[in-house]
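Chemist: Residue numbers (our numbering): -14 to 372.
1. Taking 7 Å as the limit between beta carbons, can you name the residues of its chain near residue 43, skipping five residues before and five after?
2. Give, in chain order, every unbroken run of the beta strand (DSSP E) that is at least 3 residues long and sits entirely within the stretch 265 to 340.
3. From the DSSP output, which residues share a beta bridge with residue 201?
4. If you scan the stretch 3 to 33 from start to end, which runs of the alpha helix (DSSP H) of 4 or more residues do you find wholly inside it?
5. So, for residue 240: in the same chain, excluding its five sequence neighbours on each side, which residues have a beta-carbon less than 7 Å away from its beta-carbon?
6. Out of 230, 179, 197, which has the shortest C-alpha to C-alpha gap to residue 259?
7. What residue range does the beta strand (DSSP E) around residue -6 cover?
8. Let me know the secondary structure DSSP gives residue 85 once reduced to three states.
9. Where do the ends of the alpha helix (DSSP H) carrying residue 78 lie?
10. Just how far apart, CA to CA, sit residue 208 and residue 319?
11. Cβ of residue 76 within 8 Å of Cβ of residue 68?
12. Report the residue from 23, 65, 223 whose alpha carbon sits nearest the alpha carbon of residue 46.
13. Closer than 6 Å by C-beta to residue 149: which residues in its own chain qualify, once you throw out the five before and the five after it? Chain order, please.
14. Starting from the N-terminal side, write out each stretch of the alpha helix (DSSP H) that is 4 residues or longer and does not extend beyond the stretch 207 to 272.
15. Expressed to the nearest angstrom, what Euclidean distance is found between the alpha-carbon atoms of residue 298 and residue 234?
16. Using the Cα positions of residue 263 and residue 287, report the straight-line distance between them to the nearest angstrom.
17. Should residue 106 be labelled buried (16 or more other beta-carbon atoms within 10 Å of its own) or exposed?
18. Are the Cβ atoms of residue 266 and residue 289 separated by less than 8 Å?
19. On the criterion of 16 or more Cβ atoms from any shown chain inside 10 Å, does residue 110 qualify as buried, or is it exposed?
20. Contact check, residue 321 vs residue 184 under 8 Å by CB: the rounded distance?
21. Under DSSP, the beta strand (DSSP E) around residue 152 begins and ends at which residues?
22. Looking at C-alpha atoms only, which residue of 248, 210, 87, 211 is the closest neighbour of residue 218?
23. Taking the Cβ atom as the reference point for each residue, do residue 285 and residue 316 lie within a distance shorter than 8 Å?
24. According to DSSP, residue 139 sits in a beta bridge with which residue or residues?
25. Could you name the residues that DSSP lists as bridge partners for residue 99?
26. Thinking just about the alpha-carbon of each residue, which of 246, 159, 153, 215 is nearest to the one in residue 190?
27. What would DSSP say about residue 343, mapped onto helix, strand or coil?
28. Excluding the 5 residues preceding and the 5 following residue 333 in the sequence, name in chain order all residues of the same chain whose CB lies nearer than 6 Å to its CB.
29. Would you list the one or two residues that DSSP bridges to residue 47?
30. Could you check the C-alpha separation between residue 41 and residue 230 for me, to the nearest Å?
31. Closer than 6 Å by C-beta to residue 119: which residues in its own chain qualify, once you throw out the five before and the five after it? Chain order, please.
32. Residue 188 lies in the beta strand (DSSP E); which residues open and close that run?
33. Tell me whether residue 165 sits in a helix, a strand or coil according to DSSP, three-state version.
34. Could you pull the DSSP bridge partners for residue 157 from this structure?
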């Protein structure tokens, strides 16, 4: 007897779209293209949010469950009611709040539940406490998908059984590197205030303390003081914006370090970016790294999380040891002044992505997990999964 494909319900708690949320949306689109049913449930305290608009524009089914406080029992009850109305359902959660709510609801309804470990921010004591609770909860999921081997090791150390752990790295769609005409490229550079001959260095992502924007600005200050012709772009929004603006102003870098805020055209911006800077103190496997490499843009990155699993220093990018700020700035300065080196690294970076990190291959592995859990859920007397 053929078992029908399960419906996949992704659960998140997010205001806007960053790396993990982009992955969730793309997964729903890939499932739809493959003939599967899927939807996204967001635990948030407001219906009208940027993420709601972006999910709607992507054509993905979406539901917001109001959630207030650390553990909203009404939100858990609403999720339980939602998943209890559908047969053949797999719940896939992302993030500490979604993990906790989904685990409780799915276990009560005897539904398979999987989580993806995208990475931790650990930005303050409260978040670190939530992350500790999240890691305890991982032990009770049917599958724990880790985007990097580094987080797989973390999950194993926190007591997740090896049989439930799987490493599935992030992936990127080849279409994300769509071509652009030279006239359009020059027009985009002009609109951003980039002069001919300027090398463009960009840091892309949430303006959070874990992303290391202070190191990026310090590197920009030193490189510009050396006389290099370069422009430094900061792309993203977040809680650190005011502090970042203060650093730029204090160093008198307003004309050469540009805070662009949130952009919906990042895919086009890669066509004018020469170097991606990743200064993070913590990462999972950043999508921006894969996007840049697909566009033949080499990265200078701190060797944290899953980054060293993708970047071979001196082959398809450049790595600096975590905490070695001097080494990071030297590496960035060296690549700013070496156009030939950038081209060689960028070519190798694109080859790496095309060989090992395409989104379609990632989805094959994800769908296999869903199908396995769906078959198990349809077995008689499945009951609750083993804890």
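We put the CB at the ideal spot given by N, CA and C, even for glycine. These numbers come from a predicted model, not from an experiment.
Modeler: So, from the data block:
1. Beyond the five residues adjoining it in sequence on each side, residue 43 comes within less than 7 Å, by CB distance, of 10, 14 in the same chain, given in chain order.
2. 284 to 287, 303 to 305
3. DSSP, once it has assigned bridges, lists no residue as partnering residue 201.
4. 4 to 18
5. none
6. 179
7. Looking at the DSSP string, the run of the beta strand (DSSP E) that includes residue -6 is -8 to -3.
8. helix
9. Looking at the DSSP string, residue 78 is not in any alpha helix (DSSP H); the run it does join, the beta strand (DSSP E), is 74 to 79.
10. In a straight line, the C-alpha of residue 208 is about 9 Å away from that of residue 319.
11. The criterion of a C-beta distance shorter than 8 Å is satisfied by residue 76 and residue 68.
12. 23
13. 128, 129
14. 226 to 235, 251 to 254
15. 33 Å
16. 6 Å
17. buried
18. yes
19. exposed
20. 5 Å
21. Per DSSP, the unbroken beta strand (DSSP E) holding residue 152 starts and ends at 150 to 152.
22. 248
23. yes
24. None; residue 139 has no bridge partner.
25. Partner(s): 77, 128.
26. 246
27. strand
28. 300, 301
29. 25, per the DSSP bridge assignment.
30. Approximately 32 Å between the Cα atoms of the pair.
31. 81, 84
32. 184 to 189
33. coil
34. Answer is 343.
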